[in-house]
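Chains A, B, C, D, E and F, in that order, are what the protein sequence lines are. Counting along the first sequence from 1, when you hit position 26 you're at 26 in UniProt numbering, and nothing is skipped either side. Counting along the second sequence from 1, when you hit position 47 you're at 47 in UniProt numbering, and nothing is skipped either side. Counting along the third sequence from 1, when you hit position 54 you're at 54 in UniProt numbering, and nothing is skipped either side. Counting along the fourth sequence from 1, when you hit position 20 you're at 20 in UniProt numbering, and nothing is skipped either side. Counting along the fifth sequence from 1, when you hit position 112 you're at 112 in UniProt numbering, and nothing is skipped either side. Counting along the sixth sequence from 1, when you hit position 103 you're at 103 in UniProt numbering, and nothing is skipped either side. All residues carry an ideal CB built from backbone N, CA and C; glycine is no exception. Notes to accompany the following structure.
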Amino acid sequence: MNTGDTAFVLMSAALVMLMTPGLALFYGGMTRSKNVLGTIMQSFIILGIISIEWVLWGYSMAFGPDHGGVIGGLDWLGLDSVGMEPNADYCGTIPHLAFMIFQCMFAVITPALITGAFAERMKFSAFLLFTILWATLVYNPLCHWVWAVGGWIRGLGALDFAGGTVVHISSGVSALAAAIILGKRLGYGSTAYIPHNLPMTITGAALLWFGWFGFNAGSALACNGLAASAFTVTHIASAAAALSWIILEWIHRGKPTTLGAASGAVAGLVAITPGSGFVGPLSAIIIGAMAGLICYGGVLVKSRLGYDDSLDVVGVHGLGGTWGALATGLFASKAINPAGADGLFFGNAAQLWVQFVSVIVTMAFAFIMTFIILKILDIVIGVRITEEEEVRGMDVSLHNESGYSF
Amino acid sequence: MNTGDTAFVLMSAALVMLMTPGLALFYGGMTRSKNVLGTIMQSFIILGIISIEWVLWGYSMAFGPDHGGVIGGLDWLGLDSVGMEPNADYCGTIPHLAFMIFQCMFAVITPALITGAFAERMKFSAFLLFTILWATLVYNPLCHWVWAVGGWIRGLGALDFAGGTVVHISSGVSALAAAIILGKRLGYGSTAYIPHNLPMTITGAALLWFGWFGFNAGSALACNGLAASAFTVTHIASAAAALSWIILEWIHRGKPTTLGAASGAVAGLVAITPGSGFVGPLSAIIIGAMAGLICYGGVLVKSRLGYDDSLDVVGVHGLGGTWGALATGLFASKAINPAGADGLFFGNAAQLWVQFVSVIVTMAFAFIMTFIILKILDIVIGVRITEEEEVRGMDVSLHNESGYSF
Amino acid sequence: MNTGDTAFVLMSAALVMLMTPGLALFYGGMTRSKNVLGTIMQSFIILGIISIEWVLWGYSMAFGPDHGGVIGGLDWLGLDSVGMEPNADYCGTIPHLAFMIFQCMFAVITPALITGAFAERMKFSAFLLFTILWATLVYNPLCHWVWAVGGWIRGLGALDFAGGTVVHISSGVSALAAAIILGKRLGYGSTAYIPHNLPMTITGAALLWFGWFGFNAGSALACNGLAASAFTVTHIASAAAALSWIILEWIHRGKPTTLGAASGAVAGLVAITPGSGFVGPLSAIIIGAMAGLICYGGVLVKSRLGYDDSLDVVGVHGLGGTWGALATGLFASKAINPAGADGLFFGNAAQLWVQFVSVIVTMAFAFIMTFIILKILDIVIGVRITEEEEVRGMDVSLHNESGYSF
Amino acid sequence: MKKIEAIIKPFKLDDVKDGLSNIGVRGLSVTEIKGFGRQRGHKEVYRGAEYQVDFVSKIKIEVVVDSDLASEAVKTIQEKAYTGQIGDGKIFILPVEEVIRIRTGERGNSAL
Amino acid sequence: MKKIEAIIKPFKLDDVKDGLSNIGVRGLSVTEIKGFGRQRGHKEVYRGAEYQVDFVSKIKIEVVVDSDLASEAVKTIQEKAYTGQIGDGKIFILPVEEVIRIRTGERGNSAL
Amino acid sequence: MKKIEAIIKPFKLDDVKDGLSNIGVRGLSVTEIKGFGRQRGHKEVYRGAEYQVDFVSKIKIEVVVDSDLASEAVKTIQEKAYTGQIGDGKIFILPVEEVIRIRTGERGNSAL
Ligand SMILES: Nc1ncnc2c1ncn2[C@@H]1O[C@H](COP(=O)(O)OP(=O)(O)O)[C@@H](O)[C@H]1O
Ligand SMILES: Nc1ncnc2c1ncn2[C@@H]1O[C@H](COP(=O)(O)OP(=O)(O)O)[C@@H](O)[C@H]1O
Ligand SMILES: Nc1ncnc2c1ncn2[C@@H]1O[C@H](COP(=O)(O)OP(=O)(O)O)[C@@H](O)[C@H]1O
C-alpha cells in the first residue's frame, strides 16, 4: 500500500464529491428562481440516496465478481469483504475502500447530470424512484461492462479512462429519453426561461472544473506521471473549449457570453474524460476546442428538434461524451499510456471502431432502459407535477420553501 | 516522515479550514438578509482570532506537556519547539507543525458553531471577548482532557476519533447556555424568521460535507486503510441522515424540504464524527439514519422549551454529538480499529459507560463555564445589541454595511 | 519520483486553480450588479486563454533553457519534452508535468488580479489582447528572471518563495498603470460604487484563502516539514491581517466591517507569499499584522491620489506584495529554510538590499511595459467601452446577459 | 387623461403588454408587488416550523392614457389577463391632471 | 371609492394587514419602497470610503375601498402602524373613478 | 395637494432628490420599476437562444406636495432628470384628497 497514492485517491474522491453540489449550483442558477431549490434538491438528495444504494448493492453489482461479462455478483453486498486492504484487481496500492468510495462519487454524479433534462417539472417521488431504478438497471450494469474485470465492453478493448461512456453518454442519452417522456415545460415557445442567477451557475462550473481534476487524474488510481498527465490534459481541454465556445458564439450571435464560457468549460471537461489517461496536451487542445464547437451546435439544434432538454444535458454531456469517446479512438497514444492503445492518428484505426461500438451500445442501452423505466413510472404514479404546481414553482409546490427572501 | 501521510494531513487541514467559511454560508443563508454579514462575520473573524490564539497559547494549553491530566503546560507558547520534525506522541510520520495546524482548524470551527445560537442579536465586542475566553477556558482544557497524552478523559478510555465531545457536544451545550443568556430575538413568536437565501445555506452545507472528509479521515493522521474507512463512513452517515431527516419531515409535515436535506446531512456528519475511526459502513448507516431522526426531533422540541437557539446548534450539534458519542460506545469494533475498543454491540458494555461519562462531563463543564463567562460579560459590558440595532439589522448597525444591493 | 510529493503538488495545483474563480467572486461581489458577469468573465476566461498560452509558449519562455538570464528558450514550445519524468532542475521528485501545471495556475491568476483595477469599464476585446500581451511580455520574462535556473534576479539571491514579486507586485503595479490609462469610471466622485453582493465577495475571499495553501505550501514542491511550515505561516499571516485591518478601521471609522476582514485576510496572504518558505510563525504574525495596516492605508490613499483603481489592486497586491518582499529581507531565517538566507533581523542586512532591488526592478519593468501595452492598444483599438455601454453595464452591453433575474 | 392601475398574474405580463401595444398604448410601467386577497398564499416550512405566507406575487401595471382610450385599454387588460381563476386581479382607474414628458417638456396627450 | 396609500415601517406590515382584514378589507397590494424623509438613513463604509444612504426601507400599502370605509381604514392603519418614532410614515387618500375585477368583470364596490 | 409621480432614469435619482430637497420637499418615496416605452430594451442571449427584453430599469419617484409647490417641483424634476436622450421619462400629476402623518395624526399640508 502506498500512502501517496491513497492520499491522492481519497482527496480525489473528496473533489469528485464536491462536483455534485457544484452541479446543483450550475443547474440551479440556470432555472427560474421559483425552481432553484427544487433543482438543487435533486442533485443534493442523490448524494444521499445513491451513496446508500452504492454501499448496499450498487458497488457489488458494478465491481463484484463478474458473471458472464454482464454483471457483478452479490458477494460484496453491504460492502462485505470490501476492506482496508488493497484489491489486486482494481487498486493494488490503495485500500479497497478508497477505490469503492471514489467510484461511489461517480455513481452519484451520473444520475444527477440527467436532472438537467427534466428540470422545473418532475415530481419528487417519481424522481426518487427513477433515480434508484436508473442506478440499479442502467448505471450498475454499464459500469460493470466498461470498467469491471471481465466486463464485456472492457473485453473489447474500448478505452474509457474516467467515464465518457459510463458517465456522460449514459446520462446524456438518458436525458434525451427523459426530455421526451416528460414533455415540454409550460409556456414552451412563448415564455423566456431566463437563468435567474448566472453567478451561481458560474460558481457551479468552477467547482465542476475543480472537482474534475479528481475525476480524471484520480482515475489513475495512483499518483504518478499518468496522473499528472491526466490532470494536465483535463485542464487544457476545458480551457480550449471555453475559448472555442465563446469565439463561435461571438461570430454567431455577435457577443461572447459568460454562460457560454462556463458551458464550454464543462463541454471540454466532458470530452476529455474518456481520453484523459491516453492523450497528450496538444491532442487535448484539439479535443477541447472541438468540444466547444460541437456542443454549441448541439445546444442550438435542440430547438429545431423540439424536445425540451431544459439545461442541455443532451447537447453537452451526450454529444460531448460521444465526441470524447470517439476522439479517444483518434488521439490515444501508447506513448502516453502503454497500458492503453494507439488511436487512428497513431496508426490504429481499429481502436476507433471499438470506441464506436462502445458508444453505440451505451447509447442504445441507456436510451431504451431509461425510456422504459420512465414510461412505467409515468403510468404507475405519474412523473410530472400539475400545472398549478409548475406555475407556482417547485420550491413552494414540492418543498414548501422559497429560495430567496431578501 | 512520510510524504503521503503529510500530504494527506495538510490537505485535510485545508479542507477543515474551508468548513468555517462553509459554516458562515450555512448560517448566513438562514438568517434574515439584514443580518447576513453580521452572521458571516462571526465565523470569518473567528478564523482570524482563534488562529492567533491557538498559535500563541492555545496549542500549548491543549497539547503541551501534561499537568495532572488537566491541562497542557506553557512550554509550547508561541509554537516554541513545535517544528518540522514529527512528534512521537501525536504524529510519528508527519511534521509536528502539520499536526498543530490541522488541530488549529478544529479549534477555529468549534466556537464558530456556537454562533448559530445567538445569531442576529449579539454585540460584536462581547462576541470577540466571549470567543477568546471560551477558547481559553473551555476548548483548550477539554481538548487536553480528551486528546492529549495524559488527558484524564482519554485516560478513562473514552473514544472520540474526531471531536464528538470536544467539538460538537461542547459547542452544542454552550449554545444552549448562550441562547438562554442572550434571550429571544425581538418579535419571537410573531415574526417569521424565514431564511433569506437557502441556496447559500445549501452551498454551505456542501462545503461542510466536503471539508468533513478532512475532519474525520484526516484525524487518522496518516493515509492508510483507517483513513479510507473513516472517509467512507463519514460519507455514508451523512447520506443516510439526509435521507432519514427528509423522510421524517415528509411524514410529519407532508413535504420533504431542501433545508431538511442539508440539515440532515450535517446532523449525520456530526453524529459519525466521534466514531468515524471505529465503526464499519453498516453501523454508519444506522448511526446516520438515527441522527437524522434524533436531530429533527431535537429541533422540534426547541419551540416547546422556549429558548431561541436561532439556528439549531443545540438540536443538531448538541444532540447529534451526544448520539454520536454514545453510538460509538455501541458500534465501535476492534475489527475496524485495533487501537480502539469494542462497543456494546460487540460485547463490551463498559465502553458505553465510559462514553456516557465523557458526554456528561463535557456537557456539565461546557454548560457551566459558558454560562459563567457570558453572565460576567453581560454584567460587565452587556452582550446584546440594542432594540434599534436589532430592528435595523446587524449589518448596518454593527458593521456599517449592507449584504446586497442589487 | 515520490507519490506523496506528487499528490501534494497536484492537489495544490487544483487548489490554486480554484483561486481564480475565487477571485472572480471576490471581485464580482464588489462591483455593481450590472457588471457582475463582466467582472467574473474576465477572471474566468483568463483560465481559458492563459492556460492555452502557457502550454503553447508561456511555459517555455518562463522555464525553458535559459538565455542570458533574461528569457527561456523555445525548446519547450507546446510542452515539447515536458513529460511524466521529474525534471532535475525544478522538481526532482515529481513529474515535470506536475510542476508545469502547478506553475500554469500562477500564470493564470496573475493577470486576473489586475482586472480589479479596470473593473466596470474595459472593452472585452481589448482586455483579451492585453491579457495575452501582458502574459507574454511581462509575466513570462519576470517569472524567468525570478524563478528559472539562470534567471538574473534569482542569481542576485533574491528570495521569493511563492510569488511576491512575480505575482503580486507585478500585478499590483500593472494595475496602477491600467487605472491611469483607463481613467475613472463615469460618475467618479458623485456615484456610490457600493458592492452589490458582499456575501459573494466573502465567499471569494474564503476560496482564495483555501487555495492559497496550495499556492504557498505547494511551492515547496514536496511534502515535507517546509511545506508544513509554509502552510502554517500562510494561515497565521492571513489571520493576523484580517484582525489588524478591522481593528484599524474600528478605530478609524468607528466600526469593523466584513469587507475589511476579507480584505485584510487577502492582504495577509499576499504579504506572506514571498516569505512563506523562509519565515517562522511569530514573524508571520508580524508580517500579517503589518500587512493589514499597510494595505488599509494604501486603500485610503487612493482617493487622495485620484486614480480609480476600482477594486484596490494597487493597495492590496502592490503594497502588500512590496511589504512582503521586503519583510522577507527582514524576517527570513536559515533556521526555517537552510536553502534560503537570513534576513536583516537574523544578521544579514544584505538580504534586505537584494529584496529591495528585486522589488524596484519588478515595479519598473511591470509598470512601464503595462503602460506601453495599454497605450498602444488604446490607440489601435481603444480600451474603454462607450458611455452608454458603461451606463447600461457590462453584462448587457458586452455579453448580452443579466446576472440576476429573481 | 386617466391612470389605469392593473394588478395581474405575473405570467400574464407579456400578453397584456402586447395587447396594450396593439391598441396604441406607447408606454407603461411595471412593478413587482405582493398581493393579499381572496387567492390564498402558501405554506412554508423551515426545520419543522410552519409559516403561512399570505401574500401572492403579482404584477402591477401602471399606464396613463388619453381618456378616450381608457375603456379600450381596460377591456384589453381584462381579456389578456383573464384566466378565470381566483386571483386574476383588479383594474383601478384614477384621474390624472397633467402629464409632462421630461425630455421635451410636452404636456398632455402628446406627452404620452 | 378611495385609494388609500400608506407608507409604513416594514415590520408593521402584518399588524396593518390583519387590522384592515378585521374591518372588512378583502384585498390590498404591497410594494417595497425606499423612503426619504425626516427619518435619517444610515452610513455605509466600504474600504474606508464612507457613503451616506439617505433612503430607508419602507413598505407601501395600496388599498382601494368603498368611500364609506375609507375613514375607518385610515384609522386602522394609523393605529396599527404607530410606534411614535419618527418615520412611522404617511397615509395618502386619492380618488378612484372605477374598479373592475378581471375575473368576473364586476365593477364598483362589488369588484373589491 | 398633488401627487407627483415621476418615472426617471435610475442614475438621476440623487440629482432629483437633492433638487426637490432644495425647493423644500421634505419627503418622497422611491420604487424600482420596469418601464416600457419608446426607449428600446436590450437583447439577451442564453446558449444561443435570443430573448428580447422590452423593459428598461427605471425609478419611480412619488411625492405629495402642497398644490402651490407642485409646479416648482415639476420644473425641478424636469431639469434634474433631463439628459435629452429618449427614455428620460414622464411626470404625472394626480389629485390627492387628504394626507395623514401616522406618528402625529396631523392632516393636510402640515402632515407633509
Ligand atoms: N381592495 C383592493 N385594493 C388594492 N388591491 C387589491 C384589492 N383587492 C385585491 N387587490 C389585489 O388584487 C389581487 C387579486 O385579488 P384576489 O382577491 O386574490 O382575487 P380576484 O382578483 O379574483 O378577486 C390581490 O392579490 C391584490 O394584489
Ligand atoms: N411628501 C411625501 N410624499 C411622498 N412620500 C413621503 C412624503 N413625505 C414622506 N414620505 C414617505 O414617508 C416616509 C416617512 O416620512 P418621515 O418624514 O421619515 O417620517 P414621519 O412619517 O414621521 O413624518 C418617508 O420615508 C417617505 O417614504
Ligand atoms: N403612458 C404611460 N404610462 C405610464 N408610464 C409610461 C407611459 N409612457 C411611458 N411611461 C414610462 O416612461 C418611461 C420612459 O418613456 P419612453 O417612451 O421610453 O421615453 P420618453 O420619456 O423619452 O418619452 C417608460 O420606460 C415607462 O416607464
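DSSP places valine 279 of chain C in no beta strand (DSSP E); its state is neither H nor E.
Ligand 2 has no heavy atom closer than 6 Å to the beta-carbon of aspartate 66 of chain F. Taking every protein chain shown into account, the CB of leucine 186 of chain C has fewer than 16 other CB atoms within 10 angstroms, so this residue is exposed. Using a Cβ distance threshold of 7 Å, alanine 289 of chain B and alanine 267 of chain B do not count as a contacting pair. The chain-ordered list of residues whose CB is nearer than 7 Å to some heavy atom of ligand 2 reads E:Ile7, E:Ile33, E:Gly35, E:Phe36, E:Gly37, E:Arg38, E:Gln39, E:Val56, E:Lys58, E:Ile86, E:Gly87, E:Asp88, E:Gly89, E:Lys90, F:Val25, F:Arg26, F:Gly27, F:Leu28, F:Ser29, F:Glu62, F:Val63, F:Val64, F:Val65, F:Arg101, F:Ile102, F:Arg103, F:Leu112. At a cut-off of 7 Å, the C-beta of glycine 84 of chain D has no neighbouring C-beta in chain F. The three-state reading of DSSP puts valine 16 of chain C in helix, counting H, G and I together. About 7 Å separates the beta carbons of leucine 25 of chain C and threonine 201 of chain C, which is inside the 8 Å limit, making them a contact pair. When secondary structure is reduced to three states using DSSP, alanine 49 of chain E falls in the strand class.
Counting every other CB atom within 10 Å of its CB across the protein chains shown gives phenylalanine 406 of chain B a total below 16, marking it as exposed. Looking at the DSSP output, glutamate 44 of chain E bridges to E:Tyr51.
In this structure, the alpha-carbon of phenylalanine 63 of chain A lies about 11 Å from that of asparagine 87 of chain A.
Residues of chain F with a Cβ closer than 9 Å to the Cβ of leucine 300 of chain A are, in chain order, Arg47, Gly48, Ala49. Rounded to whole angstroms, the Cβ separation of methionine 61 of chain B and isoleucine 71 of chain B is 6 Å, and the two are in contact under 8 Å. Where alanine 6 of chain E is concerned, the enclosing beta strand (DSSP E) starts and stops at 2-8. With respect to the 7 Å criterion, glutamate 44 of chain D and asparagine 400 of chain A are classified as neighbours on the basis of their beta carbons. Around the beta-carbon of arginine 38 of chain D, fewer than 16 other beta-carbon atoms lie within 10 Å, marking it exposed. The continuous stretches of alpha helix (DSSP H) do not include glycine 35 of chain E, which lies in the beta strand (DSSP E) extending over residues 28-36. Taking a C-beta distance under 7 Å as the contact criterion, asparagine 337 of chain A and phenylalanine 278 of chain A qualify as a contact pair. Distance check between tyrosine 82 of chain D and each of D:Glu5, D:Met1, D:Lys9, D:Lys3 places D:Lys9 closest, using alpha-carbon atoms only.
At a cut-off of 7 Å between beta carbons, lysine 75 of chain E makes no contact with chain B. Taking 7 Å as the threshold, the shortest C-beta distance from leucine 13 of chain E to chain D does not fall below it. Looking at the DSSP output, arginine 384 of chain B bridges to B:Met122.
For lysine 75 of chain D, the uninterrupted alpha helix (DSSP H) segment begins and ends at 67-80. The straight-line gap separating the alpha-carbon atoms of histidine 196 of chain A and alanine 49 of chain F is approximately 15 Å.
Close partners of glutamate 44 of chain F in chain A (Cβ separation under 7 Å): Ile194. Two segments are said to touch when three or more pairs of C-beta atoms, one from each, lie closer than 8 Å; by this definition the segment 321-338 of chain C does not touch the segment 131-144 of chain C. Shown here for isoleucine 59 of chain D: same chain residues with a beta carbon closer than 8 Å to its own, the five before and five after excluded, namely Ile7, Ile8, Lys9, Pro10, Lys12, Leu13, Val30, Thr31, Glu32, Ile33 in chain order. The segment 310-319 of chain A makes no contact with the segment 59-68 of chain F, as fewer than three CB pairs between them are under 8 Å.
Separation of the CB atoms of serine 174 of chain B and cysteine 104 of chain B is rounded to 19 Å, and the pair is thereby denied contact status at 8 Å.
When rounded, the separation of the alpha-carbon atoms in glutamate 72 of chain E and aspartate 68 of chain F is 29 Å. DSSP lists C:Asp66 as the beta-bridge partner residues of glycine 72 of chain C.
When the beta-carbon positions are compared, alanine 332 of chain A and serine 170 of chain A stay at least 7 Å from each other.
For isoleucine 181 of chain B, the enclosing alpha helix (DSSP H) has its first and last residue at 170-182. Arginine 103 of chain D is classed as buried because its beta carbon has at least 16 other beta carbons within 10 Å across all chains shown. Within its own chain, the residues whose Cβ lies closer than 8 Å to the Cβ of aspartate 18 of chain E, once the five positions on either side in sequence are excluded, are Lys80, listed in chain order.
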